[in-house]
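So the number in the working numbering is just where the residue sits in the sequence shown, counting from 1, plus 4.
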Amino acid sequence: MTSLSSSPVSSSPRCKYDVFLSFRGEDTRKTFVDHLYTTLKQHLISVYKDSETLIRGEYIRSSLFKAIKESRIAVIIFSKNYADSVWCLDELAYIMKCKDEIGLVVMPIFYDVEPSYIRNQKRKHGKAFGKQEAKNVTRVELWRKAIYDVCNIAGWELKRFANGHESQFIKRVVDEILDRLFTFSSDVNGDLIGDLIPTRQLNSGVDEDLIGMSHRLQDLESLLDIKSDDVCMVGIWGLGGSGKTTLAISA
């Protein structure tokens, strides 16, 4: 098995996903993660969630690592049983490796666990990590460093937001993700700088089979004056079936 430290992250490929979700399936797959995933998709955000995106017959480990490297943001959902899973710990270590080497943006969420319990490996998380430590001596230092590093990133704690109401919490998280995706810096030459790249160019989501849409989007882009700091409102008017909805979604 390829070690985490030797897994290549030499260059940043063209991002395929906006968000990669790392989570402990038995804790959150059918509850919080399902609601978060659905809300992200409703906002047209491209999300990698293993049960939805993983192609049957692919090698799981290599596919997950490839998806992490091809994502702009990694959202790590810590739950009580997160450290019970070697898969989760390996994902976490590789996510932090990509953060350091290719600028992957990392957003930790503490779903039903105190951040201090994760950082200091206390209570159930500590017991679970201790069991994994005994079985995986060669990887434990990578896991320990990844846990320490991720807990030094400002994250989200469910119970401290909106009295634990998940719907409001998810809305705030999705808003933050949208801000991260659409906020970027450019220098005087128009070259992108920093680690926040816009999620897509204005016309990148156009289906090539939709004849004439690219031209319409180019016209829209010139009208919007994208480089301006001013706020503008756009109304699209036209006959039914003329492509108004497709134009709005593509933009």
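Beta carbons are placed, not taken as given, at the ideal position from N, Cα and C, and that holds for glycine.
Close Cβ partners of Glu145 (< 7 Å) along its chain, the five nearest in sequence each way excluded
For the purposes of this step, residue 145 is taken as the residue at position 141 of the sequence shown. Sequence-distant Cβ neighbours of Glu145 in its own chain, meaning closer than 7 Å and more than five residues away, do not exist here.
Residue range of the beta strand (DSSP E) that includes Asp22:
In the sequence shown, the residue the question calls residue 22 occupies position 18. Counting along the chain, the beta strand (DSSP E) containing Asp22 begins and ends at Tyr21 to Phe27.
Going by C-alpha to C-alpha distance, which of Tyr121, Arg65, Ile151 and His47 sits closest to Met111?
Residue numbering aside, residue 111 sits at position 107 when the sequence shown is read from its first letter. Considering only alpha carbons, the answer is Ile151.
For Ser75, which three-state DSSP category applies?
Position 71 of the sequence shown, counted from the first residue, corresponds to residue 75. The answer is strand: DSSP assigns Ser75 an E or B state.
Three CB pairs or more closer than 8 Å across the stretch 164–183 and the stretch 36–44
yes
From what residue to what residue does the beta strand (DSSP E) around Ile113 run?
In the sequence shown, counting from the first residue as 1, residue 113 sits at position 109. From DSSP, the beta strand (DSSP E) with Ile113 extends over Val109 to Phe114.
List the endpoints of the continuous alpha helix (DSSP H) containing His169.
As a first step, residue 169 is located in the sequence shown; it is residue number 165 there, counting from the start. No alpha helix (DSSP H) contains His169, which DSSP labels as neither H nor E.
Just how far apart, CA to CA, sit Val153 and Met100?
The residue you call residue 153 lines up with position 149 of the sequence shown. The residue you call residue 100 lines up with position 96 of the sequence shown. This sequence places Asp at residue 153; Val is not what is there. Between Asp153 and Met100, the C-alpha separation is close to 8 Å.
Do the CB positions of Leu96 and Tyr52 come within less than 9 Å of each other?
Looking up residue 96 in the sequence shown gives position 92. Looking up residue 52 in the sequence shown gives position 48. Going by C-beta atoms, Leu96 is not nearer than 9 Å to Tyr52.
Beta-carbon proximity list for Asn140, same chain, < 7 Å, skipping 5 on both sides:
Start at 1 with the first residue of the sequence shown, and residue 140 comes out as number 136. Val90, listed in sequence order.
From the DSSP output, in three-state form, read off Trp160 for me.
As a working mapping, residue 160 is identified with position 156 in the sequence shown. Of the three classes helix, strand and coil, the one that applies to Trp160 here is strand, per DSSP.
Can you name, in chain order, every residue of its own chain whose Cβ lies under 6 Å from the Cβ of Thr249, other than the five neighbours on each side?
In the sequence shown, counting from the first residue as 1, residue 249 sits at position 245. None.
What's the gap between the Cα of Glu170 and the Cα of Glu105?
Residue mapping note: residue 170 aligns to position 166 of the sequence shown, counting from 1. Residue mapping note: residue 105 aligns to position 101 of the sequence shown, counting from 1. Rounded to the nearest angstrom, the two C-alpha atoms are 33 Å apart.
Report yes if the CB atom of His47 is closer than 9 Å to the CB atom of Leu182, and no otherwise.
Residue 47 sits at position 43 when you count from the first residue of the sequence shown. Residue 182 sits at position 178 when you count from the first residue of the sequence shown. Going by C-beta atoms, His47 is nearer than 9 Å to Leu182.
DSSP on Val178, reduced to helix/strand/coil?
Counting from one through the sequence shown, the residue named residue 178 turns up at place 174. DSSP places Val178 in helix when its eight states are reduced to three.
If you measure between the beta carbons of Ser75 and Tyr115, is that distance less than 9 Å?
Translated into positions along the sequence shown, residue 75 becomes position 71. Translated into positions along the sequence shown, residue 115 becomes position 111. Against a cut-off of 9 Å, the Cβ pair of Tyr115 and Ser75 comes out as no contact.
Terminal residues of the continuous alpha helix (DSSP H) containing Cys102?
Sequence index remark: in the sequence shown, residue 102 carries index 98 (1-based). That run of the alpha helix (DSSP H) goes Val90 to Ile106.
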